[in-house]
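Working notes, beginning with the structure itself.
Protein chains: 2
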Amino acid sequence: MTDTRLTRSEAKDLTRRRLIRAALAILDEEGEAGLSTVKVAKAAGIAQSSFYVHFKDMQELLRVLADEGGERLFEAMRAARRKAREAPDDLERHRDTFRIPLVAICRHPELLRIQLRARYDPSSSLRDFAVATAAAHREHHAADLAALGYTADDERDRRRLEMIAEGINAATNALAMGHLEGRYPDLDEAADILTALSRGALRLLRSTSAKTTPAEADVISEPPARS
Amino acid sequence: MTDTRLTRSEAKDLTRRRLIRAALAILDEEGEAGLSTVKVAKAAGIAQSSFYVHFKDMQELLRVLADEGGERLFEAMRAARRKAREAPDDLERHRDTFRIPLVAICRHPELLRIQLRARYDPSSSLRDFAVATAAAHREHHAADLAALGYTADDERDRRRLEMIAEGINAATNALAMGHLEGRYPDLDEAADILTALSRGALRLLRSTSAKTTPAEADVISEPPARS
DNA sequence: AATTTCACCGATAGTACTATCGGTGAAAAT
DNA sequence: ATTTTCACCGATAGTACTATCGGTGAAATT
């Protein structure tokens with residue numbers, strides 16, 4: 001058995017980690033409004049005043065939380081991209097581009113929930129983090145799409161690729177939350193939808209990349225044949 | 001000139017409306033956390049204690065706000081659907097299905113902002129409203145898609161249609177916010193992207209509506225020809 | 001062994017907000 | 001003309017939280 005005795009700095013670090021964990025849990029369960037030094041300290045098992053031994057104020061704790069969350073998110077994203085690149089063929093790679101983020105989100109739903117809340121909330125200390133995270137996601141996704149062969153050459157196409165990435169990301173988040181809420185039990189089905197959504201958009205990109213007209217000619221849809 | 005003299009009930013109603021307006025403005029600018037009876041009453045030009053002449057508490061004001069906002073939103077949605085139905089041909093109708101909601105959102109961005117914030121915030125009094133609004137949007141959109149000919153017969157297809165509607169709605173919101181943030185200056189471009197996104201998804205729906213296999217056979221994409 | 005350090009404690013002053021109270025004057029009812 | 005009603009006011013008790021302070025004991029240093 002290892003020594004259960006801890007040095008002072010080890011004990012301090014442990015308490016600090018407990019505070020961060022407690023804050024994350026409360027943030028997820030009650031939202032930013034439910035967060036207070038009283039609750040966090042109590043949940044971590046120390047006195048309210050001792051909170052200030054570890055953090056200057058709640059803002060600082062949230063900053064640390066955002067940094068760590070961002071790190072975890074980026075690591076998950078990197079891993080997902082690496083994994084998708086290893087897919088055997090183009091088709092699998094395309095599907096994985098959408099399925100893997102879904103799975104990653106559902107593994108740590110609290111990070112997405114917190115991000116979605118903070119994203120448009122001017123009172124949130126995490127807003128900058130949320131906006132930055134969303135922007136990073138958007139760029140990474142645009143890069144993924146570019147890697148699938150849909151590079152954009154001119155200004156308009158670049159903007160379109162960005163819009164597609166943003167739209168798909170929003171859809172990914174929405175479907176992931178729907179899955180977590182129990183509405184869409186099968187993640188693979190959701191991934192199929194996302195794959196199809198992106199195909200449609202990229203088809204537009206491709207069909208008009210050389211022309212200057214709005215050109216919807218080759219994507220006009222007729223209603224499906226009913227059985 | 002009409003009589004500027006107001007009856008007591010007219011004056012009271014005016015004050016009530018000022019409170020609601022003030023609350024909406026503060027909610028949009030500072031978020032739910034920035035809302036207090038002090039600020040709202042002051043902004044409406046009355047004493048803090050007089051707030052309670054009009055509302056039992058802040059919750060009640062928010063409930064009223066949600067009711068009125070929901071009413072406005074539903075009216076806008078109804079009008080948009082009516083307008084889209086009047087489009088001359090299928091192509092225009094399809095585009096309008098996506099462009100009109102975008103325009104509607106950008107006309108009253110505060111409602112969407114408030115809704116997006118409250119949607120996943122457990123501490124928000126407006127959460128129920130936001131969830132209900134999102135669900136209504138989803139259903140309406142699914143109905144719109146069905147009206148375009150993409151009816152779903154079995155359970156799986158219905159779920160898929162719902163997922164597509166939810167995904168497209170999320171993308172619509174995201175692009176609208178992107179437009180309001182200045183990233184996507186042209187709403188028509190955004191509408192094109194949404195149209196294309198939905199086409200891709202509906203193509204999937206159509207291609208597999210009679211089969212039981214995942215069947216991506218006819219939607220395999222090859223990278224676009226580079227110039 | 002003596003001294004210093006410091007993570008943690010309880011107490012508390014300060015801040016912001018909620019919700020109630022009695023008072024006031026003008027509108028409304030009699 | 002008199003009385004009643006009531007929208008609004010200022011004052012204030014109560015609540016929840018923040019952030020600081022001096023004190024304490026065990027770990028760390030000397």
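If you read the sequences in order, they're chains R and P.
Going by the UniProt record's numbering, the letters in the first sequence line up with residues 1 to 227, in that order.
Going by the UniProt record's numbering, the letters in the second sequence line up with residues 1 to 227, in that order.
Cβ coordinates follow ideal geometry from the N, Cα and C atoms, glycine included.
Everything numeric in this text was worked out from a predicted model, so none of it was measured.
| Asked | Found |
| --- | --- |
| Using the Cβ count rule (16 or more neighbours within 10 Å means buried), how would you classify residue 54/R? | buried |
| Using a Cβ-Cβ distance cut-off of 9 Å, determine whether residue 46/R contacts chain P. | no |
| If we define contact as Cβ-Cβ less than 9 Å, is residue 101/R a contact residue for chain P? | no |
| Just the chain P side, please: which residues come within less than 9 Å of residue 76/R by C-beta, in chain order? | Going along chain P, no residue has its Cβ under 9 Å from residue 76/R, so there is no contact; the nearest lies around 19 Å. |
| According to DSSP, simplified to helix, strand and coil, what is residue 56/R? | coil |
| Which residues in the same chain have their Cβ closer than 7 Å to the Cβ of residue 113/P, if we skip the five residues on either side of it in sequence? | 28 |
| Determine whether the Cβ of residue 121/R lies closer than 9 Å to any Cβ atom of chain P. | yes |
| Let me know the secondary structure DSSP gives residue 213/R once reduced to three states. | With a pLDDT of only 41 at residue 213/R, under 50, the local geometry of the prediction cannot be trusted, and no value is derived from it. |
| Extract the residue ranges of the alpha helix (DSSP H) inside the stretch 5-91 of chain R, only unbroken runs of 4 or more that lie entirely within it. | 8-30, 37-44, 51-54 and 58-85 |
| Okay, do the stretch 48-65 of chain P and the stretch 138-156 of chain R touch, 3+ Cβ pairs below 8 Å being the bar? | no |
| Just reading off the alpha helix (DSSP H) that residue 108/R is part of, what are its end residues? | Premise fails: residue 108/R is in no alpha helix (DSSP H) and is neither H nor E. |
| Got a sec: which bits of the stretch 10-39 of chain P sit with their beta carbon under 8 Å from any beta carbon on chain R, in order along the chain? | 29, 30, 31, 32, 33 and 34 |
| Does residue 220/R have its Cβ less than 9 Å from a Cβ in chain P? | For residue 220/R, the predicted structure reports a pLDDT of 39, less than 50, and the residue's modelled location is therefore unreliable. The matter cannot be settled from this model. |
| Should residue 45/P be labelled buried (16 or more other beta-carbon atoms within 10 Å of its own) or exposed? | exposed |
| With 9 Å as the threshold, decide whether the Cβ of residue 299/R is near any Cβ in chain P. | Outside the shown range of chain R (1 to 227) lies residue 299/R, about which nothing can therefore be said. |
| Can you check whether the C-beta of residue 111/P is within less than 9 Å of a C-beta belonging to chain R? | no |
| Any beta carbon from chain R within less than 9 Å of residue 70/P's own beta carbon? | no |
| One question on the structure: do residue 32/P and residue 117/P come within less than 9 Å of each other, judged by their Cβ atoms? | yes |
| Tell me the DSSP secondary structure of residue 144/R in three-state form. | helix |
| Do you know offhand how far residue 19/R's Cα is from residue 49/R's? | 13 Å |
| Please determine, among 161/P, 133/P and 22/P, the residue with the shortest C-alpha to C-alpha distance to residue 149/P. | 161/P |
| Can you tell me which of 84/P, 183/P and 199/P puts its alpha carbon nearest to the alpha carbon of residue 167/P? | 199/P |
| With a threshold of 6 Å on Cβ separation, who are the neighbours of residue 174/R within its own chain once the five nearest residues in sequence on each side are excluded? | none |
| Report the CB separation of residue 204/R from residue 192/P in whole angstroms; it is logged as a contact under 8 Å. | 7 Å |
| Return the residue from the list 101/P, 83/P and 110/P that minimises the CA-CA distance to residue 65/P. | 110/P |
| Buried or exposed for residue 122/R, going by 16 or more other Cβ atoms inside 10 Å? | exposed |
| Do residue 88/P and residue 172/P have their CB atoms nearer than 9 Å? | no |
| Go ahead and pull the three-state DSSP assignment for residue 181/R. | coil |
| In three-state DSSP terms, what is residue 207/P? | helix |
| Taking C-beta pairs closer than 8 Å, name the residues in chain R that residue 198/P reaches, listed in chain order. | 197 and 200 |
| Rounded to whole angstroms, what is the Cα-Cα separation between residue 202/P and residue 180/R? | 24 Å |
| Name the chain P residues that come within less than 8 Å of residue 178/R, Cβ to Cβ? | 163 and 166 |
| My guess is that residue 99/R and residue 188/R are in contact by the Cβ rule of under 8 Å, so how many angstroms apart are they, rounded? | 7 Å |
| Pull up the distance between the alpha-carbon of residue 128/R and that of residue 119/R, whole angstroms please. | 8 Å |
| Taking all protein chains shown into account, do 16 or more other C-beta atoms lie within 10 angstroms of the C-beta of residue 137/R, making it buried, or fewer, making it exposed? | buried |
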